[in-house]
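Q:
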Amino acid sequence: MSDERLLVLGAGTMGSQIAQQAALCGVEVDLVDISTDQLARAVEQNRRLLESRVTKGRLEAADAEAALARVTTSDDLPASASRCDWAVEAVLEQLEPKRTAFAELDRHLPAHAGIATNSSNIVSSRLADATSRPELCCNMHFFHPVLVMDVCEVVRGPHTSEETARRAVEWSRRMGRAPVLIEKEIDGFVVNRILGAASREAFSLLAAGVASPADIDAAARLGLNWRMGPFQLADFSGLDTVHDVRRDRYEKSGAPGDLETVEVLAQLIAEGRRGRKSGRGFYDYSTDPPSPLPVPGID
Ligand SMILES: NC(=O)c1ccc[n+]([C@@H]2O[C@H](COP(=O)([O-])OP(=O)(O)OC[C@H]3O[C@@H](n4cnc5c(N)ncnc54)[C@H](O)[C@@H]3O)[C@@H](O)[C@H]2O)c1
């Protein structure tokens, strides 16, 4: 069975870079989106990212051009899917559009092709029954930004065959991303579970007035060798996004630490502080380096 050509469905933040990362590793890729504007934006952004690597001397100009040429963009899913061996679905994070995408992929991919979802929350067992090939479905969870973050969580559902899990691991390696095989479908997989536990503790320490966000961040950076502390990371991810994920988790866990997180974040969001993207979060990004801001309700 050949495992050569990759289809990436959805050319947004994640899909565009998943496709480009694979192409940098020599894989021929079809990048498909319903929006031709989005496809054009994806091509332009990837060109900028690779040109910046060339400028910094980290990539040869000819290799950048070759990698860009390996990504073929299209809004014609049937034509693209029919020639691919593996698909990564990266459409918006909602169940019904993803089920529709899985059903469409199933209709047009060759019979041997696997289908992986890049969702960080929706496990593939909620999508696989929209296809006639559940044994060929799994999660491949890449991290943002895909061109930088090395890991890919491969999550095996009860329906996923041993062979499909092996192929997903192999695809991840071929795309230059280190696979981590997760044998059970659990909320948050592994990375976000560990991050969630550490971040919950950090917000509890903040809510109890034990230390400021800047000092907790410094402790995590210097004592745990994290590249960013938990509050810097929340600002990087977007406080509104983190708030929604944490509220969802609190509804499931009922854990006081999750509630404290939601309450602190809701106050910041109410002040328009959504993290780096809005210029202010736990830090003010108009200064270099960013300066810590007071957190309402915390002494
Ligand atoms: N953004 C992150 O940090 C991140 C990290 C890990 C995983 N994810 C997951 O990746 C997936 C995509 O997230 P994103 O941030 O790239 O979203 P995005 O909104 O940036 O991109 C989604 C893209 O899907 C396209 N699309 C929608 N319906 C489609 C269809 N039927 N066929 C083809 N294209 C379609 C849209 O036009 C858009 O370009 C989500 O499941 C998300 O949970 C996101």
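Its first residue numbered 336, the sequence shown is counted upward by one per residue in our numbering.
Note that CB positions come from ideal geometry on N, CA and C, so glycine has one too.
Grab the span of the beta strand (DSSP E) containing residue 449 for me, first residue to last.
A: Note, residue 449: beta strand (DSSP E), 449 to 452.
Q: Would you say residue 612 touches ligand 1, meaning its beta carbon is less than 8 Å from a heavy atom?
A: Flag unset: Cβ of residue 612 not near ligand 1.
Q: Can residue 389 and residue 355 be called in contact, C-beta distance under 9 Å?
A: No, these two residues do not count as a Cβ contact at 9 Å.
Q: Please determine whether the Cβ atom of residue 602 lies at a distance below 8 Å from any heavy atom of ligand 1.
A: Not so, every heavy atom of ligand 1 lies at least 8 Å from the Cβ.
Q: Taking 8 Å as the line, does the beta carbon of residue 453 fall inside it for any heavy atom of ligand 1?
A: At least one heavy atom of ligand 1 is nearer than 8 Å to the Cβ of residue 453, so yes.
Q: Shortest alpha-carbon distance to residue 349 belongs to which of 360, 338, 362 and 380?
A: Out of 360, 338, 362 and 380, 380 has the C-alpha closest to the C-alpha of residue 349.
Q: Measuring CA to CA, which of 611, 496 and 623 is closest to residue 451?
A: The shortest Cα separation from residue 451 among 611, 496 and 623 belongs to 496.
Q: For residue 337, count neighbouring Cβ atoms within 10 angstroms of its own Cβ and tell me buried if that reaches 16, exposed if not.
A: Counting Cβ neighbours within 10 Å, residue 337 comes out exposed, since fewer than 16 surround it.
Q: Buried or exposed, going by whether 16 or more other CB atoms sit within 10 Å of the CB of residue 358?
A: So residue 358 ends up on the buried side.
Q: Taking the alpha carbon of residue 435 as the reference point, which residue from 617, 345, 608 and 539 has its own alpha carbon closest?
A: Closest option to residue 435, Cα to Cα, is 345.
Q: I'd like to confirm something about residue 458: is its beta-carbon nearer than 8 Å to some heavy atom of ligand 1, or not?
A: No, the beta carbon of residue 458 sits no closer than 8 Å to any heavy atom of ligand 1.
Q: For residue 488, which of 468, 512, 351 and 480 has the nearest alpha-carbon?
A: For the residues 468, 512, 351 and 480, the minimum Cα distance to residue 488 belongs to 512.
Q: Compare the Cα-Cα distances from residue 493 to each of 510, 480 and 517 and report the closest residue.
A: Considering only alpha carbons, the answer is 517.
Q: When you compare the segment 531 to 548 with the segment 581 to 597, are there three or more beta-carbon pairs, one atom per stretch, that lie closer than 8 Å?
A: Output reads yes: the segment 581 to 597 touches the segment 531 to 548.
Q: Hey, residue 417 and residue 367: beta-carbon distance below 9 Å or not?
A: The answer is no: Cβ separation not under 9 Å.
Q: How many whole angstroms separate the CB atoms of residue 520 and residue 460, which I take to be in contact at a CB cut-off of 8 Å?
A: Indeed they touch by this definition, with Cβ atoms about 6 Å apart.
Q: Going by DSSP, what residues sit across from residue 517 in a beta bridge?
A: Answer is 490, bridged to residue 517.
Q: Excluding five sequence neighbours on each side, which residues of the same chain lie with their C-beta closer than 8 Å to the C-beta of residue 614?
A: Answer for residue 614: 620 and 621, listed in chain order.
Q: Is DSSP giving residue 341 helix, strand or coil here?
A: Reduced to three states, the DSSP call for residue 341 is strand.
Q: Who pairs with residue 366 in a beta bridge, going by DSSP?
A: Note: residue 366 sits in a beta bridge opposite 343 and 408.
Q: Can you check the segment 414 to 461 for any alpha helix (DSSP H) of at least 4 residues that lies completely inside it and give the ranges in chain order?
A: Whole alpha helix (DSSP H) segments, 4+ residues: 430 to 443.
Q: Does the beta-carbon distance from residue 573 to residue 610 come in below 9 Å?
A: In this structure, residue 610 lies closer than 9 Å to residue 573 by Cβ.
Q: How about residue 458 and residue 347: are their beta carbons less than 9 Å apart?
A: Their beta carbons are not under 9 Å apart, which means residue 458 does not touch residue 347 by this criterion.
Q: When you compare each of 399, 372, 585 and 421 to residue 504 by their alpha carbons, which one comes out closest?
A: That would be 421, whose Cα lies nearest to the Cα of residue 504.
Q: What separation, rounded to the nearest whole angstrom, lies between the Cα atoms of residue 362 and residue 596?
A: Near 41 Å, if we compare the C-alpha coordinates of residue 596 and residue 362.
Q: CB residue 456 to CB residue 583, shorter than 9 Å?
A: Yes, they are a contact pair.
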